[in-house]
Each structure stands twice: as structure tokens, then as C-alpha cells.
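Asker: Mind having a look at this structure? Questions to follow.
Protein chains in written order, with our numbering: chain G, 317 to 436; chain D, 184 to 691.
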């Protein structure tokens with residue numbers, strides 16, 4: 317049963333459909349083991365945006381406040397897309413490499429241990 | 184006519200027992216020309232089987248006339264103290280102006296939920312076929328209305344002198360962190376009448392309420408806030424009644440039919456989890472917002488849940504009820520959640536309706552002492568980092584909005600409890616859309632009723648859909664949340680609250 321309702325076949329209104337974001341899709345981005353950022357960030361971006369643009373035009377500004385950001389080499393970062401290992405193609409649109417509405421992108425930088433080496 | 188007169192005369196001589204019977208059980212009647220099922224249309228759809236309402240034992244033998252009398256006496260005492268508090272400038276006696284932010288959180292986060300509890304109990308007080316249950320719920324409904332009123336009155340003194348108290352009723356439906364308690368009650372109120380009573384009456388009022396009221400009221404006492412202490416005392420006898428109702432409903436449902444047991448267990452699992460997620464805010468308040476600490480969140484959890492709740496569930500075992508599903512996980516969480524939550528609020532301090540701050544060195548040492556296994560290892564370095572950035576004039580506020588859990592609506596701030604350096608991610612795809620959760624508990628709840636939670640009004644997504652004004656966060660805060668931007672939000676250091684306090688106290 318998909319809901320305990322007093323009427324038969326009750327269906328909820330899906331509040332976060334792609335269509336409600338005026339041409340954008342949501343992408344969540346997180347830097348693993350860098351808990352200065354308490355949670356992943358939610359970005360509304362066009363599905364046609366390239367991965368490179370997501371990094372340089374959207375994510376950089378938000379993550380650059382981290383003291384280790386200067387040492388971050390995007391080309392060495394390891395990625396997970398919705399929990400699965402993922403190799404991004406920089407010049408390809410998000411939608412053309414499986415990054416869909418409400419996908420989670422996590423990047424890992426094993427050589428960077430966070431502030432005071434404490435995963436922060 | 185004559186007959187009525189006789190009844191009135193006789194009523195004066197009724198024994199308490201007779202009066203009780205007439206004013207409660209006797210308020211019901213037999214349905215001669217309507218089907219009883221049409222009169223109580225919500226009684227069966229949840230799958231709960233009631234075979235005999237007369238087996239309901241009224242949890243408190245109180246009639247309406249006695250109820251009014253007791254409550255009126257309590258009101259008189261309460262308002263006398265509130266008057267004295269105002270006349271003596273009681274707000275100047277609080278331990279530290281940071282304390283006031285704890286009651287800003289109470290007024291905006293808890294008081295509106297008293298009102299929702301009032302609405303919820305008024306609704307279910309109409310829906311049960313048994314008159315005893317209806318009367319008990321109606322009384323609790325009036326109690327809850329009284330609570331929101333006395334809380335607002337008690338805190339109104341602070342509204343004259345501190346920022347952040349002015350738009351609590353507007354904020355409750357809109358502000359990102361207030362959607363956590365608000366959606367909790369929306370979830371309960373949109374459920375059937377039996378689930379509501381297990382959710383609010385049992386899981387919240389009976390199992391978890393001490394973890395809400397004791398910390399806030401003791402916190403008020405420890406920090407010189409007589410107004411809040413007094414409404415706490417004034418609500419205490421009501422709370423005792425509410426707890427009795429919560430326990431009665433569980434025993435009644437379990438004794439009525441064995442088919443009720445798995446349904447009730449599922450609701451206990453769900454609402455225990457939702458309740459502990461909600462109480463994260465209380466844990467953070469205890470460990471970080473009270474200048475004079477009462478006890479740590481961890482200690483409170485051990486006393487009020489592990490000991491008291493453990494005994495309760497032992498008692499319920501004879502009905503086939505077991506400990507809530509994620510109780511063992513929560514035992515690990517008590518080491519972490521308050522720290523993870525206050526860091527979230529601190530780093531989003533530009534978007535909160537109260538002030539945030541770095542704990543003092545003394546407070547950091549207190550946290551190390553209370554959390555010897557976790558604080559120095561995982562959480563102290565965050566505050567060292569914050570101190571360094573602040574000293575460099577770069578007080579840290581995050582620049583984008585966080586991802587939220589679909590069920591509890593809390594930012595995805597919780598870690599795996601066996602790896603506190605790794606955010607916990609859970610997700611599912613339902614009808615082609617992806618949904619995210621902070622925990623297995625929240626994912627389970629979604630999975631059980633996806634058509635309910637696809638409707639979650641997630642504040643971050645609503646902002647990004649353009650439904651909360653804008654275009655920028657600052658306009659959302661000022662125009663949609665009704666914050667006084669620059670006064671209500673940002674760090675305690677340099678705030679108007681702090682400046683005024685220093686003037687009153689004559690310190691530079």
C-alpha cells in the first residue's frame with residue numbers, strides 16, 4: 317500500500333518534479349570528508365550545463381572558502397554519482413552523462429585530510 | 184419543563200462519581216436512524232480493530248467543571264508571576280544574553296506545535312466512536328491551546344527587549360529549520376485518528392516529552408528565566424495527564440485485538456524515529472545554547488530514554504511490543520547529533536532567526552568532559568577552525584543552500600554513526616523521481632507511504648522553485664520569513680542584542 321488513506325487510490329502531488337524548477341534541474345554536490353561543509357549543497361542548474369561549468373561557475377565559489385581548496389586538483393578528484401564510481405566528462409552536458417534531476421555528486425580527495433587532518 | 188427542574192435540583196447533590204458519569208460517559212447517545220459508521224467515518228481505515236469501546240478506561244477522572252476550576256487557579260498564579268517578572272525587569276536577570284536565543288528557538292519551534300497539537304486533538308476528539316476517548320482528547324485539545332497562549336505571554340517580555348521574537352507564527356510555516364517540527368505535526372495530523380494518538384499522545388508525550396520539557400524548563404531555571412520556569416510548572420500537571428492518556432491508548436489498542444499489535448508497533452517505530460530526529464534541536468540547545476548547562480544531551484538521553492523508556496518497553500513486552508526499531512542506533516547518535524546540529528546552525532547563522540556563536544573555551548572543555556569519546560576527536564577541530572577564521576575577520580557562513588532529507592526535512596548533516604566523518608546518504612527512486620534521506624529510519628517511513636512524502640514541502644526546494652520570493656537569500660529572509668535582517672540573524676558577537684545588553688549592564 318503506497319499510503320494509508322481514507323479514499324481509494326490516493327495520489328500525492330509530487331512537489332519537486334523537474335518541471336517545477338523553471339528549466340533547471342537540481343544537483344547536489346558534496347566534498348567528502350570535508351565537514352566544514354555540514355551537508356551537501358543543492359544547486360539549480362540547466363541540464364545542458366557542462367560538467368566543467370558546474371565546477372568552475374557553480375561549485376568553486378562555494379567550496380573555495382575551505383583552507384585546502386588551493387591544493388585541490390579537480391583532475392585528481394575521484395567522483396561518485398548517486399553512490400556509484402563515476403568518471404565525469406568535462407565538456408559534456410550533465411544530462412548526457414547520467415546526471416539527472418536530484419542526482420548526488422560527491423568528490424573525494426584522499427590526499428587532502430581536511431583541517432588539522434580531522435576530515436573537516 | 185417540570186422534569187428539567189427536578190434534574191437541575193438533583194444535580195447539586197450528585198456524588199463525584201455520578202457527576203463524572205453524567206458529564207463524560209453519559210454525553211454519548213445511541214444512533215437510531217443513522218449508521219454509526221457514517222457518524223465515525225475515520226474509525227476503520229487504518230486497520231485498527233475496536234471490539235468494545237466500553238473497555239476504555241478514562242485516564243483522568245476529570246469533568247469539565249472541575250477542569251475549568253483547576254485551570255483558572257493555575258492561570259491566576261501564572262499571570263501574577265508574569266506581571267512581577269515584567270515589573271521587575273526580569274529579562275535583566277538572565278545569565279547571559281546568549282540564553283535568550285534558546286527561548287527564541289522554543290517560541291518559534293515548539294509553541295506553534297502546541298497549537299498544532301490543539302488542532303489535532305480537537306479533530307480526533309470528534310472521530311472516535313468511544314465517548315471516553317473523545318472527552319479525553321477534547322480536554323487535551325484545550326490544554327494545548329492554553330499552552331501556546333501561556334508560552335506566548337510568558338515570552339512577550341523578552342520581545343520588548345530582544346530581537347527575533349516578532350514573527351513566530353509567520354515563521355513556523357516558512358523557515359527552513361522550523362519546517363522540521365511543523366512537518367512532524369503535519370504528518371501526524373494528516374494521519375488517521377489512531378496513528379495521531381500513538382504519534383503525539385504516546386510516542387511524543389509519553390516516551391519523549393521529558394526530553395523536551397525538562398531541558399527547557401531546567402535550562403530556564405539555571406539561567407535565571409523565571410517566566411519560562413513558571414509556564415513550565417503551570418503546564419506540568421497537564422503534561423502528566425497527557426502522558427496518562429498516551430499510555431492508556433496504547434494499552435487499549437493492544438488489548439482490543441491482536442491484529443492491532445503490528446500496526447501499533449509500526450507506528451511506534453516511525454514516531455520514535457521522527458521524534459528523536461526532532462529532538463536533535465533540543466540536544467543542540469542543551470549542549471550549546473544554554474550558558475549555564477543543566478546536563479549534556481547524552482546524559483539526558485540516558486536518564487529519560489534508556490532508563491525510563493527501557494522500563495516502559497519491558498512493561499509493554501507482554502503485549503508483543505518490542506523496543507522501537509532504531510533505538511540501538513540512537514544510542515550511538517547521542518554522542519554526535521548535538522555537535523553536528525550546532526555546527527550546521529553556526530555555519531548557516533546568516534539564515535537563522537536567532538544568534539549563533541563559537542562556544543567559549545570553558546564550554547569547549549565542558550563538552551570534552553561530557554563527550555570524552557567523541558568531542559576532541561571529531562568536533563573540537565571545527566571550533567578551532569571557526570576561531571581561526573573569526574580572528575582573521577572571516578567569520579564563516581556557507582554560501583549555498585543545503586540538501587534536505589525528504590522525511591524529517593533536516594539538512595543532510597547526520598553522519599554514519601560508525602564513521603562520524605562520513606555523511607550518511609540513503610536514496611530511492613519512486614515513480615521515476617529520486618528521493619534522499621538522512622537515515623534508514625527516514626527512508627523506511629517514506630517507503631511505507633510514498634504517496635504521502637512525495638508531497639514534502641522542502642524549504643530549500645521551494646526557495647529554488649521561486650515560491651518564497653527572492654531572487655536572493657536576503658530577500659527570502661526579509662520578505663518571506665519576516666526576519667529583521669542584520670538584527671535577528673548573524674553571530675551573537677556584534678549583534679544589537681549584545682550591544683543593548685552591554686548598555687544595560689554598563690559594560691563596554
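Every residue, glycine too, gets a C-beta built ideally from N, C-alpha and C.
#1: Please state the DSSP three-state secondary structure of residue 274 (chain D).
#2: Have a look at G:385, G:365 and G:320 and flag the residue whose alpha-carbon is nearest the alpha-carbon of residue 405 (chain G).
#3: Can residue 435 (chain G) be considered in contact with the ligand MN, in the sense that its beta carbon sits closer than 8 Å to one or more heavy atoms?
#4: Using a Cβ-Cβ distance cut-off of 9 Å, determine whether residue 369 (chain G) contacts chain D.
#5: Between residue 526 (chain D) and chain G, is any beta-carbon pair separated by less than 9 Å?
#6: First and last residue of the beta strand (DSSP E) that includes residue 402 (chain G)?
#7: Using a Cβ-Cβ cutoff of 8 Å, what residues of the stretch 337-356 of chain G are near chain D? List them in chain order.
#8: Taking 9 Å as the threshold (beta carbon to beta carbon), is residue 294 (chain D) in contact with chain G?
#9: In chain D, what lies closer than 8 Å to residue 385 (chain G) by C-beta?
#10: Residue 641 (chain D) touches chain G at which residues, Cβ-Cβ below 8 Å?
#11: Can at least three beta-carbon pairs, one atom from the stretch 540-551 of chain D and one from the stretch 361-370 of chain D, be found at a separation below 8 Å?
#12: Mind checking residue 132 (chain D): buried by the 16 CB within 10 Å criterion, or exposed?
#13: Please specify which runs of the alpha helix (DSSP H), each continuous and at least 4 residues long, are wholly inside the stretch 287-348 of chain D, giving them in chain order.
#14: Just verifying my parser: in three-state terms, what is the DSSP assignment at residue 279 (chain D)?
#15: Just curious, the alpha helix (DSSP H) that residue 670 (chain D) is in, first and last residue?
#16: On the CB-based measure, 16 or more other CB atoms within 10 Å of its CB, does residue 391 (chain G) come out buried or exposed?
#17: Indicate the three-state DSSP secondary structure (helix, strand or coil) for residue 359 (chain D) in the structure shown.
#18: For residue 603 (chain D), which three-state DSSP category applies?
#19: Checking 9 Å against the spacing of the C-beta atoms, do residue 247 (chain D) and residue 322 (chain D) come in under that value?
#20: State the DSSP-derived secondary structure class of residue 417 (chain G), mapped to helix, strand or coil.
#21: Give me, in chain order, the residues of the same chain whose beta-carbon lies closer than 6 Å to that of residue 528 (chain D); leave out the 5 immediate sequence neighbours on both sides.
#22: Taking the beta carbon of residue 187 (chain D) as the centre, do at least 16 other beta carbons fall within 10 Å, making it buried, or is it exposed?
#23: Would you check if the stretch 385-403 of chain D and the stretch 325-333 of chain D touch, i.e. whether three or more CB-CB distances between them fall below 8 Å?
#24: Which first and last residues belong to the alpha helix (DSSP H) in which residue 360 (chain G) is found?
#25: Going by DSSP in three states, residue 340 (chain G) sits in which element: helix, strand or coil?
#26: Give, in chain order, every residue of the stretch 412-430 of chain G whose Cβ lies closer than 9 Å to some Cβ of chain D.
#27: Measuring only between beta-carbons, confirm whether residue 321 (chain G) sits less than 9 Å from chain D.
#28: By the DSSP assignment, the alpha helix (DSSP H) with residue 377 (chain G) in it spans what residues?
#29: Could you tell me whether the Cβ of residue 377 (chain G) comes closer than 9 Å to any Cβ of chain D?
#30: Note down, in chain order, each residue of its chain lying with its Cβ closer than 7 Å to the Cβ of residue 378 (chain G), except the 5 sequence neighbours on either side.
#31: Mapping DSSP to helix, strand and coil, what is residue 353 (chain G)?
#32: So, residue 680 (chain D) versus residue 346 (chain D), is the Cβ gap smaller than 9 Å?
#33: Measure the C-alpha to C-alpha separation of residue 385 (chain D) and residue 431 (chain D) and round it to an integer number of angstroms.
#34: Using 8 Å as the Cβ pair cut-off and three pairs as the minimum, do the stretch 233-240 of chain D and the stretch 435-442 of chain D touch?
#35: Does chain G have any CB closer than 9 Å to the CB of residue 623 (chain D)?
#36: For chain D, find out if any of its Cβ atoms is closer than 9 Å to the Cβ of residue 360 (chain G); answer yes or no.
Answerer: To lay it out plainly:
#1: Reading the second chain from its first residue, position 91 is the one you call residue 274 (chain D). Helix.
#2: The residue given as residue 405 (chain G) occupies position 89 in the first chain. The option with the nearest alpha carbon to residue 405 (chain G) is G:365.
#3: The ligand MN is absent from the structure shown, which contains no ligands of any kind.
#4: Position 53 of the first chain, counting from 1, holds the residue named residue 369 (chain G). So, not an interface residue.
#5: On the second chain, position 343 is the one that residue 526 (chain D) refers to. True, the Cβ-Cβ gap to chain G drops below 9 Å.
#6: For this step, residue 402 (chain G) is matched to residue 86 along the first chain. Here the beta strand (DSSP E) through residue 402 (chain G) covers 400-402.
#7: 337, 338, 340, 342, 344, 346, 348, 349, 351, 352, 353, 354, 355 and 356
#8: Indexing the second chain from 1 puts residue 294 (chain D) at position 111. It does not; no Cβ of chain G falls within 9 Å.
#9: By one-based count along the first chain, residue 385 (chain G) stands at place 69. Chain D residues near residue 385 (chain G): none, gap ~12 Å exceeds 8 Å.
#10: For the purposes of this step, residue 641 (chain D) is identified with residue 458 of the second chain, where counting begins at 1. Under the 8 Å cutoff, chain G gives 331 and 332.
#11: no
#12: Residue 132 (chain D) cannot be examined here, being either before or after the span of chain D that is shown, 184 to 691.
#13: 294-310 and 314-342
#14: The count along the second chain starts at 1 and reaches residue 279 (chain D) at position 96. Coil.
#15: In the second chain, residue 670 (chain D) corresponds to position 487, counting from 1. No alpha helix (DSSP H) contains residue 670 (chain D), which DSSP labels as neither H nor E.
#16: The residue given as residue 391 (chain G) occupies position 75 in the first chain. It counts as exposed.
#17: Along the second chain, read from residue 1 onward, the residue named residue 359 (chain D) stands at position 176. In the structure shown, residue 359 (chain D) sits in coil (DSSP, three-state: anything other than H, G, I, E or B).
#18: By one-based count along the second chain, residue 603 (chain D) stands at place 420. Residue 603 (chain D) falls in the strand class under three-state DSSP.
#19: The sequence position of residue 247 (chain D) within the second chain is 64, counting from 1. The sequence position of residue 322 (chain D) within the second chain is 139, counting from 1. Yes, they are a contact pair.
#20: Locating residue 417 (chain G) in the first chain gives position 101, counting from the first residue. Of the three classes helix, strand and coil, the one that applies to residue 417 (chain G) here is coil, per DSSP.
#21: By one-based count along the second chain, residue 528 (chain D) stands at place 345. Within the same chain, residue 528 (chain D) has close Cβ partners 535 and 539.
#22: Start at 1 with the first residue of the second chain, and residue 187 (chain D) comes out as number 4. Residue placement at residue 187 (chain D) is poorly supported in this model, since its pLDDT is 49, which falls under 50; the coordinates still yield a value, given next. That one is exposed.
#23: no
#24: Your numbering for residue 360 (chain G) matches position 44 in the first chain. Premise fails: residue 360 (chain G) lies in the beta strand (DSSP E), 357-361, not in any alpha helix (DSSP H).
#25: Walking along the first chain from the start, residue 340 (chain G) turns up at place 24. It is coil, neither helix nor strand.
#26: 416, 417, 418, 419, 420, 422 and 430
#27: Taking the first chain and counting its residues from 1, the one referred to as residue 321 (chain G) is at position 5. Chain D, which has a Cβ nearer than 9 Å to the Cβ of residue 321 (chain G), makes this yes.
#28: Against the first chain, residue 377 (chain G) aligns to sequence position 61. Per DSSP, residue 377 (chain G) belongs to the alpha helix (DSSP H) from 376-379.
#29: Translated into positions along the first chain, residue 377 (chain G) becomes position 61. Output row for residue 377 (chain G): interface = yes.
#30: Looking up residue 378 (chain G) in the first chain gives position 62. Cβ neighbours of residue 378 (chain G) beyond the five flanking positions: 357.
#31: Locating residue 353 (chain G) in the first chain gives position 37, counting from the first residue. Note: residue 353 (chain G) maps to coil in three-state DSSP.
#32: Looking up residue 680 (chain D) in the second chain gives position 497. Looking up residue 346 (chain D) in the second chain gives position 163. Yes, these two residues count as a Cβ contact at 9 Å.
#33: Along the second chain, read from residue 1 onward, the residue named residue 385 (chain D) stands at position 202. Along the second chain, read from residue 1 onward, the residue named residue 431 (chain D) stands at position 248. C-alpha separation (whole angstroms): 9 Å.
#34: yes
#35: Counted from its first residue, the second chain places residue 623 (chain D) at position 440. With 9 Å as the cut-off, residue 623 (chain D) does not count as an interface residue toward chain G.
#36: Numbered from 1 along the first chain, position 44 holds the residue referred to as residue 360 (chain G). So yes, residue 360 (chain G) belongs to the interface.
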